[in-house]
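Enquirer:
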Amino acid sequence: MSNVPAELRYTKDHEWLRREDDGSVTVGITDHAQEQLGDLVFVELPEVGARCDAGAECCVVESVKAASDVYCPIAGEVSAVNESLADSPEAINTDAYGEGWLFRLAPTDAAAIDALLDAEAYQALLEAEDH
Amino acid sequence: MQTPLHPQHVALGGKLVPFAGWKMPLHYGSQIEEHHAVRTHWGLFDVSHMTVVDVEGDAAEAYLRRLLANDVARLEAGKALYSCMLAEDGGVLDDLIVYLRAPGRYRVVVNAATRDKDLAWMEAQAEGFAVSVTERIDLAMIAVQGPEAAARLPEHLPDALGAPLAALKPFHAHEDGNLFVGRTGYTGEDGFELLLPGTDAGALWDALVGAGARPCGLGARDTLRLEAGMNLYGTDMDESVSPLESGLGWTVAWEPAERTFIGREALEAQRQDPERRRFAGLVLRERGVLRNGTEVELEDGRRGAVTSGSFSPTLGLSIALARLPAGKESSAMALLRGKPLPVEVVKPPFVRQGKACIPT
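One line per chain: the protein sequences are A and B, in this order.
Under the working numbering, the first residue of the first sequence carries the number 63, and numbering increases by one thereafter.
Under the working numbering, the first residue of the second sequence carries the number 633, and numbering increases by one thereafter.
#1: According to DSSP, which residues form a beta bridge with Ile91(A)?
#2: Using a Cβ cut-off of 9 Å, pull out every chain B residue sitting near Gly145(A), in sequence order please.
#3: I want to see whether chain B comes within less than 8 Å of Glu226(A), judged by CB atoms only; does it?
#4: Opposite Tyr714(B) in the DSSP bridges: which residues?
#5: With a 10 Å radius around its C-beta and 16 neighbouring C-beta atoms as the bar for buried, classify Met773(B) as buried or exposed.
#6: Between the beta-carbon of Leu899(B) and the beta-carbon of Leu876(B), is there less than 8 Å?
#7: The alpha helix (DSSP H) with His668(B) in it runs from where to where?
#8: Mind checking Lys74(A): buried by the 16 CB within 10 Å criterion, or exposed?
#9: Are there 16 or more other CB atoms within 10 angstroms of the CB of Asn810(B), so buried, or fewer, so exposed?
#10: What three-state label does DSSP hand Asp131(A) in the structure shown?
#11: Let me confirm a value: Asn144(A) is counted as buried when at least 16 other C-beta atoms fall within 10 Å, else exposed. Which label applies?
#12: Closer than 7 Å by beta-carbon distance: list the chain A residues that pair up with Ala855(B), in chain order.
#13: In terms of alpha-carbon separation, which member of Ser942(B), Val649(B), Glu976(B) lies closest to Ser125(A)?
#14: Just verifying my parser: in three-state terms, what is the DSSP assignment at Glu708(B)?
#15: If you measure from the CB of Ser944(B), is any heavy atom of the ligand SAM nearer than 7 Å?
#16: Using a Cβ-Cβ cut-off of 8 Å, state whether Asp101(A) counts as contacting chain B.
#17: To be precise: take each residue of the segment 911 to 938 of chain B, compare its Cβ to all Cβ atoms of chain A, and keep it if any distance is under 9 Å. Which residues remain?
#18: Check whether the segment 931 to 945 of chain B touches the segment 867 to 883 of chain B, taking contact to mean three or more Cβ pairs, one atom from each stretch, closer than 8 Å.
#19: Can you give me the C-alpha to C-alpha distance between Asp93(A) and Gln185(A), rounded to a whole angstrom?
#20: Quick one: Cα of Asn743(B) to Cα of Asp84(A), how far?
#21: Quick one, are the C-beta atoms of His788(B) and Ala839(B) less than 8 Å apart?
#22: Give me the Cβ distance between Asp726(B) and Thr746(B), rounded to the nearest whole Å; I'm assuming they're in contact under 8 Å.
#23: How do the segment 750 to 766 of chain B and the segment 680 to 693 of chain B stand: do at least 3 beta-carbon pairs fall below 8 Å, yes or no?
#24: Using DSSP with H/G/I as helix, E/B as strand and the rest coil, what is Leu147(A)?
#25: Could you work out which residues of chain B lie near Ala153(A), taking near to mean beta carbons separated by less than 7 Å?
#26: Let me know the secondary structure DSSP gives His806(B) once reduced to three states.
#27: Could you give the residue range of the alpha helix (DSSP H) that holds Asp832(B)?
#28: Below 8 Å between beta carbons: does that hold for Glu859(B) and Pro991(B)?
#29: What are the start and end residues of each continuous beta strand (DSSP E) run of 3 or more residues lying completely inside the segment 758 to 800 of chain B, in chain order?
#30: Pairing CB atoms from the segment 948 to 958 of chain B with CB atoms from the segment 914 to 924 of chain B, are three or more of them under 8 Å?
#31: Quick one: grab the DSSP three-state call for Asp83(A).
#32: Among Arg739(B), Asp832(B), Val841(B), Thr635(B), which one has its Cα closest to the Cα of Ala781(B)?
#33: Can you tell which of Asp770(B), Ala845(B), Ala805(B) has the C-alpha that lies nearest to the C-alpha of Arg784(B)?
#34: With a threshold of 16 other CB atoms inside 10 Å of the CB of Gln777(B), please say whether the residue is buried or exposed.
#35: Quick one: what's Tyr184(A) bridged to in DSSP?
#36: Of the residues Glu708(B), Arg853(B), Ile664(B), which one's Cα is nearest the Cα of Asn155(A)?
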C-alpha cells in the first residue's frame, strides 16, 4: 500500500506539493510513482530561476525501467532544486516525501495549490487506478 | 500460471508481474541491490518459467544436428551447448541450451515466451526421426549465481554432490537422482542452474535464502545479462533476423560442411553479404538511459537501433546492444528523447565476473 501523507497536496500525475512556512512550495513525486518506476538512476532538474507554467515539463526522472516527465504542478519560479539527487537518486525510492524532494517553487498564485487534490482525493485516484 | 516457488515470492514481498503467461517477480524491493548482490556475493533466481524439453531416442543426435545451428556432435556426456534454432530462411526461432546427458538423451532449455511455437516446431521436425520430444513441466528451475555460489551452494545439497560440483567445469552438468545441476547462467558470474522436481523447489529455495542468498527478480536478471553481453530473445533477435546479424555468428557450426541444418542455406548466402548488419555494444557516458528502440545514427547518416538498452548498475552509466549498418565505426550518436548524444561502439561484454570490461 502506498504512503499518502495527509498534509500534502497531489496531482493526478503523481506529484506531491508541500506549502512551506516561507510561502514556497516543495514538489516531488509520490511514493506510488516511485514504486511504479522502480530504482531511480538519473534526475534532470530545472534551473534555479526558471519560470514554469502549470503543466509544463520541467524535470525528468529516469529509472532502470523508464524515463518519465515531471510536470510543473502550479505556475511559479524555481527557487531551489535538490542537488543531492545527482549523486543519490535512490533517495526518491527510499524517502519520496523527504530526502527525495525535487524542486521548490515561488508560486505565482499562492492559492493555486488549494485547487489540487487533497490526500483523500489522491488516495481515491490510486484505488481507481488499481481497478 | 504460477511456478512452484510462487508462495516464496509472495512471502518475500516480490513485485509480481505477468511474463509470458506466468506471474513472475520483477524485484523484491530494489532491482539494483539485487544486481549488486549477484556481482559481489550470491543471488537466487526462480527461472521455472523456462521450458525444459527432453529429446530422447536412437535418432536424437541426428535430429538435433538438423534442428540446431550449433552442432551437438561436439558434445560429450555432461556438457552443454548454446545454440539458435532457425527457420528455413535463417530467422531465429529461439535460442536455447542443450545438454547431452548420455548417448541418445538430451535436455533442451528454451524460452518461456516461445514455448508453444518451439514445441510445435520441434514436434513437426521430429517426423521421420526415431525420437521423442517431451516437455518437463514437472521440473522447477533455480539459478544460483555470484562469486560465492560455488562455496555456498553445496552445503544445501546432498553430500554426494559436494565433490562433483566442486569439480564441475563451466558449461558442464552433473546429475544425481532427481537433481540436475549445470554450471551455467545468464549473469556473467560463476554459478549454477538447478533443475529439480517442483515439489522439492520450495525447501531448497528457503534454505538458500536462509543462508543469505539474495532473491532476485527479472529486473536484475535483465541488467545482469545485458552487462554480460548476452542476448535476450524477442528483443535482440527474433524470426526477422539471423544469428549473423545478432552477434551470434560464433554459435553457428559451419563445419562439417555437409551437415544440412535448418537455415543453413540462407545463412551461407548472408555470410557473403557485405551489407550484413553489425551487432555491437554501446556505451553512453552522458546522463540518460538507452532504451529498446532508441535510434542510433552513424556519422554518414545511416541509422540503426538499440535492441536492448538499460542502466548498468555496475558501471553507473547506460549500456546497450544495438543492430547497426555494416561498418567499423567506434562512435555514433544515439537519438535519445529527441536529443542526439554521443555513444561509444564497443564489443560486448561490458562486465564479466564482477569486473568492468570497458574503461570507466
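The beta-carbon is built from N, C-alpha and C at its ideal position, and this holds for glycine as well.
Bear in mind that the values here come from a model prediction, so they are computed numbers and not experimental data.
Expert: According to the structure shown:
#1: The partner list for Ile91(A) (beta bridge, DSSP) reads Glu77(A).
#2: Inspection of the sequence shows that residue 145(A) is occupied by Glu rather than by Gly. Taking a Cβ-Cβ threshold of 9 Å, none of the residues of chain B is close to Glu145(A); the smallest such distance is about 14 Å.
#3: Beyond the ends of chain A as shown, which are 63 and 193, falls residue 226(A); an answer cannot be given.
#4: According to DSSP, which records beta bridges pairwise, Tyr714(B) is partnered with Ile729(B).
#5: It is buried - the Cβ of Met773(B) has at least 16 other Cβ atoms within 10 Å.
#6: Taking 8 Å as the cut-off, the Cβ atoms of Leu899(B) and Leu876(B) count as close.
#7: First-last of the alpha helix (DSSP H) with His668(B): 663 to 672.
#8: Lys74(A) comes out exposed.
#9: Label assigned to Asn810(B): exposed.
#10: Asp131(A): strand per DSSP, three-state reduction.
#11: Counting every other CB atom within 10 Å of its CB across the protein chains shown gives Asn144(A) a total of 16 or more, marking it as buried.
#12: The displayed chain sequence assigns Thr, not Ala, to residue 855(B). In chain order: Val126.
#13: It is Ser942(B).
#14: Coil, per DSSP.
#15: This structure lacks the ligand SAM; in fact it carries no ligand of any kind.
#16: With 8 Å as the cut-off, Asp101(A) counts as an interface residue toward chain B.
#17: Contacts with chain A (Cβ-Cβ distance below 9 Å) from the segment 911 to 938 of chain B involve Arg919, Gly920, Val921, Arg923, listed in chain order.
#18: With a cut-off of 8 Å, the segment 867 to 883 of chain B and the segment 931 to 945 of chain B count as touching, because enough Cβ pairs lie within range.
#19: Whole-angstrom Cα-Cα distance: 12 Å.
#20: Cα-Cα distance, rounded: 58 Å.
#21: Yes. Within cutoff.
#22: Yes, they are in contact, since the Cβ atoms of Asp726(B) and Thr746(B) sit about 5 Å apart, within 8 Å.
#23: Contact between the segment 750 to 766 of chain B and the segment 680 to 693 of chain B is present: three or more C-beta pairs spanning the two stretches fall below 8 Å.
#24: In this structure, DSSP gives Leu147(A) a helical state, which the three-state scheme calls helix.
#25: Simply none; closest approach about 13 Å.
#26: Reduced to three states, the DSSP call for His806(B) is strand.
#27: For Asp832(B), the enclosing alpha helix (DSSP H) covers residues 830 to 842.
#28: Not in contact: Glu859(B) and Pro991(B) (Cβ atoms no closer than 8 Å).
#29: Uninterrupted beta strand (DSSP E) stretches at least 3 residues long and entirely within the segment 758 to 800 of chain B occur at 764 to 767, 771 to 777, given in chain order.
#30: Yes, they touch.
#31: The three-state reading of DSSP puts Asp83(A) in coil, since its state is none of H, G, I, E or B.
#32: When each option's Cα is compared against that of Ala781(B), the closest is Val841(B).
#33: Distances from the CA of Arg784(B) to each of Asp770(B), Ala845(B), Ala805(B) were compared; the closest alpha carbon is that of Ala845(B).
#34: So Gln777(B) counts as buried.
#35: Per DSSP, Tyr184(A) has no beta-bridge partner at all.
#36: If we check each option's Cα against that of Asn155(A), Ile664(B) comes out closest.
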